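Inspection log for the structure reproduced underneath, given as C-alpha cells.
Chains as they are written, first to last, in the working numbering: chain A, 1 to 164; chain B, 165 to 524.
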C-alpha cells in the first residue's frame, strides 16, 4: 500500500521543482529554440519560394526569348521573301522594259531603215531616172542623129508597149 | 563518431553496474540475515532518506540527505546520517524537543514521555505520530540533479541559436532540435491543432524531457535506482498539472460535451453526463498509474531477476539472470522514451479535446 500512496514530501518538491523548471526552460530554452527553429523554417520556406519564383521567371524569360527568336526568324523569312519578290519584280520589269525598249528601238530602226530604204530607192530612182534620162538623151542624141534609127526606136517602143 | 562513443560508454555502464551494484547490496544483506527479495526490491523501488551507494564490509557507504519535518514545534531539520543507517526505529534522534525514529523509510515522532518505539502486530509504531515530512529524499535529490542536467542541456542549446546567425543547429542543439521538433510536429500539432498548440508547447516539452530524463536516471544502477518516475507521488503531481491545465483551458464546446452531449437523444445525454464527469478524473488518473506502473514494473523485473541468484544461492544462475536483466534493461531503455512520449501525447490529446472548436 505504501508503494501506491503518494507521499506528501515528494508531491510538494515535485510541484515546486516542476513549476520552476517549466518557468526557466520556457524563458531561457523553449522560446529561443522554438523561435529559432520556426524562423529558420520560415527562411527556408521563403528561400524555396523565391527559388520557385526565379525558376518561373527564368521560364518566362526563356519563353520570351524563344518568342522573340521566332518572331525574328519569321521577320527574316518575310524580308527575304520580300526581297526575292522585289528582285524578281525588278528583273522581270527590267526585262520587260528592256524588251519593250528593244522592240521600240527595233521598230524605230526598222522604220528608219524603211525610210532610208525608201529615200535610197527614191534617190536611186531619181538618179536612175536622171541617169537614164542622160543616157536616153545621149542615146537619143546619138540615135536621133540618124532618121532611120529614130523611126526604128519609135517602132520598138511602140511594140514594147503593146506587149506590156 | 562522438555519439557512437557516448552510447558505447552508456551501454558499458549499463552492462557493468547491474551486476556489481546489486550484487554487492545483496551480499551484504545475505550475510546478516536470510535474503528477502521482497524487502530488497521494495527498498530499491521506494524512496529513501539517504543516498545509499554501496556496502563495503557490511558498512553502508551513503550520501546523507537533509531531513525536513514540520512538527507541532515548527520546522525541524537534521541530516539523515543522524540515524546511522538505522531503519528499524532503534536509533532515536532528539532535535528541537522532539524524538524521531525512522521505520521503513518513514520518520515518526515519539509521543511525549516515550523513550523507545513500540510496534503493533503489523509492525506499525503505536506510540508515535507522523510529522509532515518534506525531506530532501533520494528522489528529490535525483530530481534536482535531473533539473540541473536539463537546464544545462537546453540553455546551452538555446545559446547555440543565439550565437549562430543563420540558426544552424550545431553541437548540442543538433541533438535536441530533432526531439523538440518531434514534440512539436508529432505530438502538439496533430493533437491540439495548428492554431492553438503554441500555448502548450512549453508545458509539453518540459514534461516530456522531465519524465524522460528521470526514467533514464532510474535505470542507471550507480544512482541506486532512484526511482523518481516510478514513484506515484511524482506521476500524481504531473498528472494533476495536466488535469489543471485541461480543466482551465476547457472551452464551451468541451463542457457541453461533458454535461449535455450534442447529437444524442435526451435520455442518453442524462446517462452520459455522469460517465463524462468521471472521465474528467479518470484521464489524469490513468496518466498517473500508467507511468508509475510501467517504470516500477520494469525495475521490479530487473531486481527480481537479480534476486534469483540469491534465492537459489548459486552463482550458476547468474548468466541467466544477467542475460535476462540485460534484455529487460534494453527494453526499459526503449520504455523510458515510450512512456515519456505517451504521457506527453495524452496530455496533448486532453488539451486538444479541451480546446476543440465546435464543428458541424
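By construction, the Cβ of each residue, glycine as well, lies at the ideal position given by its N, Cα and C atoms. All of these numbers come straight from a predicted model, not from anything done at the bench.
Straight-line gap, residue 474 of chain B to residue 285 of chain B (C-alpha atoms, nearest Å)
28 Å
At the level of alpha carbons, what is the spacing between residue 362 of chain B and residue 384 of chain B?
34 Å
Starting from the beta carbon of residue 48 of chain A, find every residue of chain B whose beta carbon is closer than 9 Å, and list them in chain order.
Those within 9 Å of residue 48 of chain A in chain B number zero; the least Cβ separation is about 15 Å.
Please name the residue in B:393, B:225, B:338 whose C-alpha comes closest to that of residue 451 of chain B.
B:393
Alpha-carbon to alpha-carbon, residue 501 of chain B and residue 174 of chain B:
Only weak support exists for where residue 174 of chain B lies, its pLDDT of 49 falling under 50; the coordinates are left without a value.
Assuming the contact rule is C-beta atoms closer than 8 Å, residue 237 of chain B and residue 262 of chain B should be a hit. Round their C-beta distance to whole Å, please.
6 Å
Taking all protein chains shown into account, do 16 or more other C-beta atoms lie within 10 angstroms of the C-beta of residue 189 of chain B, making it buried, or fewer, making it exposed?
For residue 189 of chain B, the predicted model reports a pLDDT of 48, less than 50, meaning its position is unreliable; a value from the coordinates is still stated below. Buried, because 16 or more other Cβ atoms sit within 10 Å of the Cβ of residue 189 of chain B.
Is the beta carbon of residue 411 of chain B less than 9 Å from the beta carbon of residue 434 of chain B?
no
Would you give the residue range spanned by the beta strand (DSSP E) that residue 214 of chain B belongs to?
214-220
Segment contact flag, the stretch 341-356 of chain B with the stretch 399-416 of chain B, C-beta cutoff 8 Å, min 3 pairs:
no
Three or more beta-carbon pairs under 8 Å between the stretch 450-469 of chain B and the stretch 486-506 of chain B, yes or no?
yes
For residue 266 of chain B, report the span of its alpha helix (DSSP H) as first-last.
It is not in any alpha helix (DSSP H) - residue 266 of chain B instead sits in the beta strand (DSSP E) that spans 262-267.
Determine, for residue 292 of chain B, whether the minimum Cβ-Cβ distance to residues of chain A falls below 9 Å.
no
Buried or exposed for residue 303 of chain B, going by 16 or more other Cβ atoms inside 10 Å?
buried
Report yes if the CB atom of residue 371 of chain B is closer than 9 Å to the CB atom of residue 402 of chain B, and no otherwise.
yes
If you reduce the DSSP assignment to three classes, tell me which class residue 228 of chain B lands in.
strand
Which of the three DSSP states, helix, strand or coil, is assigned to residue 392 of chain B?
coil
Simplified DSSP assignment, three categories, for residue 150 of chain A:
helix
Taking DSSP as the reference, what is the three-state secondary structure of residue 201 of chain B?
helix
Is residue 328 of chain B helix, strand or coil by DSSP?
coil
What span of residues does the alpha helix (DSSP H) with residue 496 of chain B cover, start to end?
482-519
Element boundaries [beta strand (DSSP E), containing residue 243 of chain B]:
238-243
Could you give the distance in angstroms between the alpha-carbon of residue 203 of chain B and the alpha-carbon of residue 506 of chain B?
31 Å
Should the stretch 322-341 of chain B be regarded as contacting the stretch 298-314 of chain B, the criterion being three or more beta carbon pairs within less than 8 Å?
no
What whole-angstrom Cβ distance do residue 232 of chain B and residue 239 of chain B have, given they're in contact under 8 Å?
7 Å
From the DSSP output, read off the bridge partner residues of residue 235 of chain B.
B:238
Once the 5 residues before and after residue 481 of chain B are set aside, which same chain residues still bring their CB inside 6 Å of it?
472, 473
Report all residues from its chain with a CB closer than 7 Å to the CB of residue 446 of chain B; omit the five preceding and five following residues, and keep chain order.
none
What's the gap between the Cα of residue 156 of chain A and the Cα of residue 134 of chain A?
20 Å
Anything in chain A within Cβ reach of residue 303 of chain B, meaning under 7 Å, just list it in chain order.
10
Sequence-distant residues of its chain with Cβ nearer than 6 Å to residue 247 of chain B (five each side left out)
255, 266
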